[in-house]
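S.K.: Line by line, the protein sequences are chains W and B.
For reference, each letter of the first sequence is one residue, going 1 to 351 in the numbering used here.
For reference, each letter of the second sequence is one residue, going 1001 to 1351 in the numbering used here.
Glycine is no exception: its CB is placed at the ideal position from the N, C-alpha and C atoms.
Owing to the predicted nature of the structure, the values given are computational and were not obtained by experimental measurement.
Here it is: the structure, laid out below.
Number of protein chains: 2
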Amino acid sequence: MKYWNSTLKSMTEYIPGEQPEDIDEYIKLNTNENAFPPSADILNAITKECSGNLRLYPNPDAETLTKICADTWGLSQSNYFAANGSDELFSLIFRGFIDRDQLAAFSYPSYSLYYTMSEANGIAYDKIDLKDDFSIDFAKFLKKKYALVIFCNPNNPTGTGVNREGLIKFLEKYKGVAVVDEAYVDFSGNSMIDLVNSFDNLIVTRSFSKSYSLAGLRVGIAAAHRDIIEGFKKIKDSYNVDRLAQAGAIAALKDKKSFNYRVSMINNNKDYLTESLDELGFKTVPSEANFIFTNHSSIDAKTLYEKLKENKILVRHFDGPRLSNYLRITVGSMIEIKAFLKVLRSIIDEI
Amino acid sequence: MKYWNSTLKSMTEYIPGEQPEDIDEYIKLNTNENAFPPSADILNAITKECSGNLRLYPNPDAETLTKICADTWGLSQSNYFAANGSDELFSLIFRGFIDRDQLAAFSYPSYSLYYTMSEANGIAYDKIDLKDDFSIDFAKFLKKKYALVIFCNPNNPTGTGVNREGLIKFLEKYKGVAVVDEAYVDFSGNSMIDLVNSFDNLIVTRSFSKSYSLAGLRVGIAAAHRDIIEGFKKIKDSYNVDRLAQAGAIAALKDKKSFNYRVSMINNNKDYLTESLDELGFKTVPSEANFIFTNHSSIDAKTLYEKLKENKILVRHFDGPRLSNYLRITVGSMIEIKAFLKVLRSIIDEI
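The following block contains the structure:
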């Protein structure tokens, strides 16, 4: 660590879900990827872009993509910004919209990348506990002067959605920058993106990694007042979204039929998974996402995680208060869910 | 700029080369893209990766790619790190390897992105003038305590290479982090990458946007001591290089035949372009890159730039001391060069 700066030395490393080398031997329900592949229309659009033109830089502001974002989600093209995954959006937010002597706040439990990124950018933050039902405690976010807050809608890892009325009341009083991370929102449809028209300090982020089945392509979108969008454009790298990623995201937004199919299939499978777990003695938090957060009445979650892994099934287990007795399980295909349930039943029988 | 932080407000925006909307009507010699497309082998490898697996996250550390970097350029796999273009490498370097109370230094004239990125990350810097022959004034980089220096090899926009002996003598005395940006080095072959074995404070960066004809794909590579590589991995976004970009870069490194073809064609065309400009009264700086830096004995560079643009030919003109009377011209295909020269002759005849 001889040449690491003070921030790099002191930050906590973000730990993504396991990606073992012999990944093909596992049923992988640990990183919330979509169970269904992108459609032929989407793959064909990317393949078509894969030409000699790859020698040329991409459109620096992904202008065709941001246009179709406006057509699909409302607002104007000037309210959209494209990035190399939501990760890059968060990184740019910490670098451009909060100063190092200011304070941020995030819910706990929530997506731990927020804490990591805040540390990586030298920004101090408070963790504000979710209420007992895992809803956001908006009042506590108003008790100090926070320059940046991030709400995850629906929340990762609990699956609970943001309460719209609660958010609006909060935004009417709050003076800093508020981010609503909607990586998983398409599985509920309860988006806050229209509130960008009413609040010039609101940034809503979207991802193509979940409902659009393009985790391998890396595209994230921010929606915000055009003044904030101009800030993103000023601080970003010149060509941050490559040609193939732009083409894939454009085709994904156009292909509404396959989008609707994937979302409804996942939601059907989620209901089946939740009901089956009920029968096995689990209590599952109502989920608006493509994953569930569940705990068993008598069996320790870490034990279950380990036994499942021994049987080549990966789910996510987090250490920490209120997390350690839960499992976060991605909603897989019906084949994956049935294989998972079969193994789970035999583990429970053995214990 | 209501919600912009102090850094975002005060930084100077980076201005990339023009990308006009009716780009297909232009001969584009302004952003140093490769005149030749990637080979069929490279395009086929990307197309093959364009499958249902795009629903899954990419390998977070691009492990197959870094392995083949070591096979191609020497050093070990643990000495390599992959990013979303060189731009992301520089961004990570400013965020991870220099503190905000430390000082950076870059040559002038050089790639202006260094100045922009330094400002975007709140790092103060000195500009150190190149010598009269556009070589680096290493002694001046030792006069103060700099925590970070970047040398561009060969230098953009002058095309001049880094002197190897001068660099070694510098590194023997220098205590901070030294970056050698080798985006264009394949056109000369004068790489400093082997010096990573001798100096644990040296980072050499490479790009797939120039010699590998993949500007549209966004892949950059850093080579450094494994301790620095571990720092990059800690601070980077989880999945920063997408599946298709990894596949394209891997195929590009394997396809040595098309690489050699592109490099030799560009160098041949560069000689022809330089000689033709000599005959028209230009004086061109000897170039180790895929662009030339040239000025005319009597005609103002900005006038030439504007007249060329009127004729749908884009070259690069920079304002600023020692820059404003030069044009930077990308070495195009022979068809592009001949069309450019024809227009240029008629402009000169008219003046």
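#1: Is K1236 (chain B) helix, strand or coil when you go by DSSP?
#2: Please list the partners that N34 (chain W) has in chain B, where partner means a Cβ-to-Cβ separation under 7 Å.
#3: Going by the CB atoms, is the gap between A1223 (chain B) and V1241 (chain B) shorter than 8 Å?
#4: Any residues in the segment 93-105 of chain W with a beta carbon nearer than 9 Å to a beta carbon of chain B? Which ones, in chain order?
#5: Quick one, which of B:I1351, B:A1339, B:L1323 and B:S1276 has its alpha-carbon nearest D1132 (chain B)'s?
#6: Is the separation between the beta-carbon of P37 (chain W) and that of R1055 (chain B) shorter than 8 Å?
#7: Step through the CB atoms of chain W and report whether any lies within less than 8 Å of the CB of A1245 (chain B).
#8: Could you check where the beta strand (DSSP E) with K1127 (chain B) kicks off and where it finishes?
#9: Helix, strand or coil: how does DSSP classify G220 (chain W) here?
#10: Hey, could you find the ends of the beta strand (DSSP E) I299 (chain W) is sitting in?
#11: Are the segment 322-338 of chain W and the segment 291-302 of chain W touching, with three or more C-beta to C-beta distances below 8 Å?
#12: Out of B:K1169, B:S1346 and B:L1314, state which residue places its alpha-carbon closest to the alpha-carbon of E1374 (chain B).
#13: Could you tell me whether any Cβ in chain W is nearer than 8 Å to the Cβ of M1334 (chain B)?
#14: Classify D353 (chain W) as helix, strand or coil using the three-state DSSP reduction.
#15: Per DSSP, A105 (chain W) is paired with what?
#16: Tell me whether L1214 (chain B) sits in a helix, a strand or coil according to DSSP, three-state version.
#17: Starting from S207 (chain W) and walking both ways along the beta strand (DSSP E), at which residues does that stretch end?
#18: Can you give me the C-alpha to C-alpha distance between F1259 (chain B) and I1046 (chain B), rounded to a whole angstrom?
#19: For R251 (chain W), which three-state DSSP category applies?
#20: Tell me whether the segment 156-176 of chain W and the segment 278-295 of chain W touch, counting them as touching only if at least three CB pairs, one residue from each stretch, are closer than 8 Å.
#21: From the DSSP secondary-structure annotation, give me the bridge partner or partners of A1083 (chain B).
#22: Return helix, strand or coil for I23 (chain W), following the three-state DSSP convention.
#23: Interface residues of chain B around D201 (chain W) at Cβ under 7 Å?
#24: So if DSSP puts R328 (chain W) in a beta bridge, which residue, or which two residues, is it bridged to?
#25: Taking a Cβ distance cut-off of 7 Å, strictly less, list which residues of the segment 1203-1231 of chain B are near chain W, in chain order.
#26: So F187 (chain W) and S211 (chain W) are supposed to be a Cβ contact under 8 Å. How far apart are they, rounded?
#27: What residue does the beta strand (DSSP E) around V1343 (chain B) start on, and which one ends it?
#28: Output the boundary residues of the alpha helix (DSSP H) element that contains T1066 (chain B).
#29: Rounded to whole angstroms, what is the Cα-Cα separation between E956 (chain B) and H1225 (chain B)?
#30: Would N1155 (chain B) and F1134 (chain B) be called neighbours here (beta carbons separated by less than 8 Å)?
#31: Since T1031 (chain B) is in the alpha helix (DSSP H), which residue starts that stretch and which ends it?
#32: Using the rule of at least 16 other Cβ atoms within 10 Å of the residue's Cβ for burial, across every protein chain shown, is K236 (chain W) buried or exposed?
M.R.: Here's the rundown:
#1: coil
#2: R1055
#3: no
#4: R95, G96, F97, I98, D99, R100 and Q102
#5: B:L1323
#6: yes
#7: yes
#8: A1124 to D1129
#9: strand
#10: From DSSP, I299 (chain W) is part of no beta strand (DSSP E); its letter is neither H nor E.
#11: For the pair of segments examined, the segment 322-338 of chain W was found to touch the segment 291-302 of chain W: the number of CB pairs separated by less than 8 Å reaches three.
#12: In the structure displayed, chain B extends from 1001 to 1351; residue 1374 (chain B) sits before or after that span and is not available.
#13: no
#14: A query on residue 353 (chain W) cannot be resolved here, the shown segment of chain W reaching from 1 to 351 and no further.
#15: W:D126 and W:V149
#16: coil
#17: L202 to S207
#18: 17 Å
#19: Looking at the sequence provided, one finds Ala at residue 251 (chain W) rather than Arg. Three-state DSSP puts A251 (chain W) in a helix.
#20: Touching, per the Cβ criterion.
#21: Residue pairing of A1083 (chain B) in beta bridges, as defined by DSSP: B:G1220.
#22: helix
#23: The sequence given here has Asn at residue 201 (chain W), not Asp. Near N201 (chain W) (Cβ distances below 7 Å), the residues of chain B are Y1003.
#24: BP columns for R328 (chain W) point to W:F293 and W:R316.
#25: Taking 7 Å as the Cβ-Cβ cut-off against chain W, the residues of the segment 1203-1231 of chain B that qualify are S1213, L1214, A1215, G1216, L1217, R1218, D1227, I1228 and G1231.
#26: At roughly 7 Å, the Cβ-Cβ gap stays under 8 Å, so F187 (chain W) and S211 (chain W) are in contact.
#27: For V1343 (chain B), there is no enclosing beta strand (DSSP E); the enclosing alpha helix (DSSP H) covers residues M1334 to E1350.
#28: E1063 to W1073
#29: In the structure displayed, chain B extends from 1001 to 1351; residue 956 (chain B) sits before or after that span and is not available.
#30: yes
#31: Careful: T1031 (chain B) lies outside any alpha helix (DSSP H) and carries neither H nor E.
#32: By the neighbour-count rule (16 or more Cβ atoms within 10 Å), K236 (chain W) is buried.
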